[in-house]
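Engineer: FYI, the numbering for the sequence shown is -22 to -1, 1 to 673, going by mature numbering (1 follows the signal peptide of the UniProt record, and there is no 0). We put the beta carbon where it would ideally sit given N, CA and C, even for glycine. Computed from a predicted structure; not experimentally measured.
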Amino acid sequence: MPRRLLPALAALPLALPAAAQAPVEAELPEVVVAAPRAAEARQEIPTSLGSRETRVDRATIEALPGGGAQPLNQVLLQTPGVVQDSFGEIHIRGEHRNLQYRLNGVALPEGLSGFGQVFDARSLRSVSVLTGALPAQYGFRTNAVIELETRSGTRDPGGALGLQGGSRGTVQPYANWAGILGGWDVFASGTFLRSEQGIENPTSSWQAINGGTQQLRGLGYAARQLDDTTRLSLIAGTSLNRFNIPTQRGLEPKFTAYGVSDFDSSALRARQWERTWYGTAALQKSFGSVDLQVAPFIRSSSIHYVPSIPGEMVFNGVASDVYRGSLGAGLQTDATWRLAEEHTLRAGFQVTGERARFRSATTVLPLGADGLAFDDPLTLTDRFGRTGWLYGSYLQDEWRLTDRLTLNLGLRWDQMVEYVTAGQVSPRANLVWRATESTTVHAGYARTFTPPQFELVPNATLARFEGTTGAPANTLNDPVRPERAHRFDLGVSQRLGENLTLGADAYYKDVHDLLDFGQFGNALIFTPFNYRRGRIYGVEFSGNWRSERWLVYGNLALSRSAGRDIRSAQFTFDPEELAYISGKYVRTDHDQLVTGSAGAVWKGWEGGRLSASMLYGNGLRRGFANSEKLASYATFNVGVAQDFTGPDKGTWTVRLDLLNAFDTIYQLRDGTGIGVGAPQFGLRRTVLAGLSRAF
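(1) Would you identify the three-state DSSP class for Asn408, choosing helix, strand or coil?
(2) Would you mind listing the beta strand (DSSP E) stretches within the segment 318 to 367 that are 3+ residues and don't spill past its ends, in chain order?
(3) Look at the alpha carbon of Val517 and the alpha carbon of Trp315, and state the distance between them as a whole number of angstroms.
(4) How many Å lie between Ala297 and His282 at the Cα?
(5) Taking the straight line between their C-alpha atoms, what separation do you get for Tyr486 and Arg209?
(6) Let me check you understand the geometry: is the CB of Ile281 closer than 7 Å to at least one non-hydrogen atom of the ligand NAD?
(7) Please state whether the Cβ-Cβ distance between Arg36 and Arg103 is less than 8 Å.
(8) Assign Asn294 to one of three DSSP states: helix, strand, or coil.
(9) Quick one, are the C-beta atoms of Asn508 and Arg545 less than 8 Å apart?
(10) Would you list the residues sitting across from Gly157 in a DSSP beta bridge?
(11) Return the chain-ordered list of same chain residues with a C-beta closer than 7 Å to the C-beta of Val238, the five sequence neighbours on each side being excluded.
(12) Starting from Leu474, trace the beta strand (DSSP E) in both directions and tell me its first and last residue.
(13) In whole angstroms, what is the alpha-carbon distance linking Thr181 and Glu230?
(14) For Gln150, which of helix, strand or coil comes out of DSSP?
(15) Can you give me the start and stop residues for the beta strand (DSSP E) that Glu252 sits inside?
(16) Identify whether Pro14 lies in helix, strand or coil by the three-state DSSP scheme.
(17) Can you check which of these residues, Ala111, Ala313, Phe443, is closest to Ser404 by C-alpha distance?
(18) Leaving out five residues on either side along the sequence, give the residues of the same chain with a beta carbon under 6 Å from the beta carbon of Gly448.
(19) Helix or strand or just coil, what does DSSP make of Gly66?
(20) Taking the beta strand (DSSP E) that Pro553 belongs to, which residues open and close that run?
(21) Per DSSP, what kind of secondary structure is Ser278 in: helix, strand or coil?
(22) Counting C-beta neighbours from all protein chains within 10 Å, is the total for Glu67 16 or more, i.e. buried, or is it exposed?
(23) What are the residues that DSSP puts in a beta bridge with Arg80?
(24) Name the DSSP bridge partner or partners of Gln193?
(25) Compare the C-beta of Asp648 with all C-beta atoms of chain B and state if any pair is closer than 8 Å.
(26) Rounded to whole angstroms, what's the CA-CA distance from Thr642 to Asn121? Just pull it up for me.
(27) From Asn82 to Leu212, what does the alpha carbon distance come to, in whole angstroms?
(28) Here's the rule: buried if 16 or more other CB atoms are within 10 angstroms of the residue's CB, otherwise exposed. What is His69?
(29) Determine, using beta carbons only, whether Gly541 and Leu593 come nearer to each other than 8 Å.
(30) Which residues in the same chain have their Cβ closer than 6 Å to the Cβ of Phe352, if we skip the five residues on either side of it in sequence?
(31) Could you please give me the residues that DSSP links to His490 through a beta bridge?
(32) Check whether the segment 517 to 534 touches the segment 49 to 67, taking contact to mean three or more Cβ pairs, one atom from each stretch, closer than 8 Å.
(33) If you drop the 5 nearest sequence neighbours on each side, which residues of the same chain put their C-beta closer than 7 Å to that of Arg600?
(34) From what residue to what residue does the beta strand (DSSP E) around Ala619 run?
(35) Excluding five sequence neighbours on each side, which residues of the same chain lie with their C-beta closer than 7 Å to the C-beta of Thr505?
(36) Can you give me the C-alpha to C-alpha distance between Trp391 and Tyr116, rounded to a whole angstrom?
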């Protein structure tokens, strides 16, 4: 008999299939039910009950402008409430980071991130974004969970070779293949990218000065059914990126160093390397009504910023060669027990250990008694390493009160042993009411505990820089604390007919020790800090129309994010701002009141697809204590793709994409605001063309 499941509430798949996935009970096809039990175990263990889930499938990713060449953050920007920022950063529901990435259900330890993307969109079968008052099984990073599902040989057999390129010398060859090898379900993917612009231009010009990048990404997946109730899966991947740091003409020299007092700023040649390796293994086992998954994981990442020393000394009086490395490993265990028809129990634990390393060589100028710098550069070195631990466990009960009403109650315990030692027991509750066959309402509460990113916490010896151009504005450096919050969420999903689905979701977050991040200095390495109190609230609206030939969707989000009284890493702020913020709430630098996205895909003719997408933002914060905002903007993208049979009788695809079609000039950052280091402009008009061959 088919097994009955309750899918994630308010699932809003941006997908091409004609049949809508309603947030109600659904019968699984017999082919799924007949599959070996362990193959289903991973799908039974996680539950997004009571959270808002938006899913983007592989077909939609490939169909939208940019296709599989678009970075993962661009895919996420087409989901509700996701705000665009510089350096590839995104903000979901008014927060900076606090995102959890899961690969095939296994949480990856948080690594150092910079300009580059770690995951290649072509490697993914789907991307899901879970927000709201998450169930107890989700801990540590709880603002949003990014669920990444890799392609596999059983569900996505075949492969492709392709080349995509265009504006600013962009060239991107790629290859992938999925199939069965010796009883193993296998998928492998590799992508190389070269372009003359890797990160945002500090000016509005069409192409950045010294803006080149080279990026390599690879992923491998293998899974095998050991017996009817046991399955083993392995994933390994890497991302190796090199970026030149863009510069601009006409900067005014401020110092004399190495006998140089006049330097052409366009000749600055700073660069940054980013390296990431990750791997997971998951053993899934079924014992009748119990499903168990045991998953060890590991991730290594590093960032190395190499300055353009003579030039940076002339303009800034400081030039820092900075390296940060992180090695994180751990174990995640999850279990599901279908105790009775009305009760499904879930429990699990996770332990993560991380070794963080930091070293720097900072060249500075000494200051005389009059406070003026004189030309006698000296280099101060700093090096340290530290190990930290995170522990978490949970227990929750999915209680089906009636056929239409489900209550999910959970309790979670989290503990951190890092720069500070702290812990918390957090209750969670979600109620889901299927009011009618087409209407679902949910309400949720979650107490959350969010440790700061261990590998980013600064530990420099500030006193060593006294009397030099590298001296901080002040010497206060209270430790960064974990964030503790109460989250509330209320939402509704309404299906109108067979094609149209509408959704609305409201949220409120009351925070102690609100975590935020700032970029201080030239290296793109963020520093975490706390506001003593914070409050974040907003509402999201979404809709999508899906039919055999059409996918049309739109999202609108209103949000507000504010904090008061900076109480850690104070040395990175000017005393005037610290005093001002201590007495009143100010907007966070990533606060954006209105955010919108929309798109459409039309399968209008045999083998052809026409697509369009847009993104709107009314401007991030700027100025003293974030008291102002940047101008609003809207960008539009279009794309067309055509499949055809080539001379070799194989299936070929040709595509043409136009990004920022109207060549809108818009500024994401102007170099002012709390924790904002430099100005950045959005990408100017870009033309990409591609050709691929499926096999």
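Structural biologist: On the basis of the supplied data:
(1) Counted from its first residue, the sequence shown places residue 408 at position 430. Strand, per DSSP.
(2) 321 to 342
(3) Working through the sequence shown from its first residue, we reach residue 517 at position 539. Working through the sequence shown from its first residue, we reach residue 315 at position 337. Cα to Cα, the separation comes out at about 35 Å.
(4) For the purposes of this step, residue 297 is taken as residue 319 along the sequence shown, with counting starting at 1. For the purposes of this step, residue 282 is taken as residue 304 along the sequence shown, with counting starting at 1. Taking the straight line from one Cα to the other gives about 13 Å.
(5) If you number the sequence shown from 1, residue 486 lands on position 508. If you number the sequence shown from 1, residue 209 lands on position 231. Approximately 41 Å, taken between the alpha carbons.
(6) Within the structure as shown, the ligand NAD is missing, as the structure has no ligands at all.
(7) By one-based count along the sequence shown, residue 36 stands at place 58. By one-based count along the sequence shown, residue 103 stands at place 125. The answer is yes: Cβ separation under 8 Å.
(8) Counting from 1 along the sequence shown, the entry for residue 294 is found at position 316. Helix, per DSSP.
(9) For the purposes of this step, residue 508 is taken as residue 530 along the sequence shown, with counting starting at 1. For the purposes of this step, residue 545 is taken as residue 567 along the sequence shown, with counting starting at 1. Contact: yes.
(10) Within the sequence shown, the letter at position 179 stands for residue 157. Per DSSP, Val164.
(11) Locating residue 238 in the sequence shown gives position 260, where the first residue counts as 1. Pro288, Val292.
(12) Stepping through the sequence shown from its first residue, residue 474 is reached at position 496. First-last of the beta strand (DSSP E) with Leu474: 461 to 474.
(13) Residue mapping note: residue 181 aligns to position 203 of the sequence shown, counting from 1. Residue mapping note: residue 230 aligns to position 252 of the sequence shown, counting from 1. The alpha-carbon atoms of Thr181 and Glu230 are separated by roughly 16 Å.
(14) As a working mapping, residue 150 is identified with position 172 in the sequence shown. In the structure shown, Gln150 sits in a strand (DSSP, three-state: E or B).
(15) The residue given as residue 252 occupies position 274 in the sequence shown. Its beta strand (DSSP E) spans residues 249 to 265.
(16) The residue you call residue 14 lines up with position 36 of the sequence shown. Its pLDDT being 37, under 50, Pro14 is placed unreliably in this model, and the value from its coordinates should be taken loosely. In this structure, Pro14 counts as coil in the three-state DSSP scheme.
(17) Indexing the sequence shown from 1 puts residue 404 at position 426. When each option's Cα is compared against that of Ser404, the closest is Ala111.
(18) The residue you call residue 448 lines up with position 470 of the sequence shown. The answer, listed in chain order, is Val296, Thr340, Val342.
(19) The residue labelled residue 66 in the question sits at position 88 within the sequence shown. Gly66: helix per DSSP, three-state reduction.
(20) The residue labelled residue 553 in the question sits at position 575 within the sequence shown. Premise fails: Pro553 lies in the alpha helix (DSSP H), 553 to 560, not in any beta strand (DSSP E).
(21) The residue labelled residue 278 in the question sits at position 300 within the sequence shown. Three-state DSSP puts Ser278 in a strand.
(22) Locating residue 67 in the sequence shown gives position 89, where the first residue counts as 1. Buried, since its Cβ has 16 or more Cβ neighbours within 10 Å.
(23) Here residue 80 is taken as the residue at index 102 of the sequence shown, counted from 1. Ala85, Glu125, per the DSSP bridge assignment.
(24) One-based indexing of the sequence shown puts residue 193 at position 215. Looking at the DSSP assignment, Gln193 forms a beta bridge with Leu171, Asn219.
(25) This model lacks chain B altogether; it includes just one protein chain.
(26) One-based indexing of the sequence shown puts residue 642 at position 664. One-based indexing of the sequence shown puts residue 121 at position 143. Straight-line Cα distance between these residues: approximately 31 Å.
(27) Within the sequence shown, the letter at position 104 stands for residue 82. Within the sequence shown, the letter at position 234 stands for residue 212. Cα to Cα, the separation comes out at about 10 Å.
(28) Locating residue 69 in the sequence shown gives position 91, counting from the first residue. Counting Cβ neighbours within 10 Å, His69 comes out buried, since at least 16 surround it.
(29) The residue given as residue 541 occupies position 563 in the sequence shown. The residue given as residue 593 occupies position 615 in the sequence shown. No, the pair does not count as a contact, with Cβ atoms beyond the cut-off.
(30) By one-based count along the sequence shown, residue 352 stands at place 374. If we look at Phe352 and ignore the five residues flanking it on each side, its Cβ neighbours are Gly346.
(31) Indexing the sequence shown from 1 puts residue 490 at position 512. Arg462, Arg511, per the DSSP bridge assignment.
(32) yes
(33) The residue labelled residue 600 in the question sits at position 622 within the sequence shown. Cβ neighbours of Arg600 beyond the five flanking positions: Glu606, Lys607, Leu608, Asp648, Thr650, Gly651.
(34) Along the sequence shown, read from residue 1 onward, the residue named residue 619 stands at position 641. That run of the beta strand (DSSP E) goes 611 to 623.
(35) By 1-based counting over the sequence shown, the position of residue 505 is 527. Leu434, Pro436, Phe495, Gly496, Phe498, Ala547, Thr550.
(36) As a working mapping, residue 391 is identified with position 413 in the sequence shown. As a working mapping, residue 116 is identified with position 138 in the sequence shown. Between Trp391 and Tyr116, the C-alpha separation is close to 11 Å.
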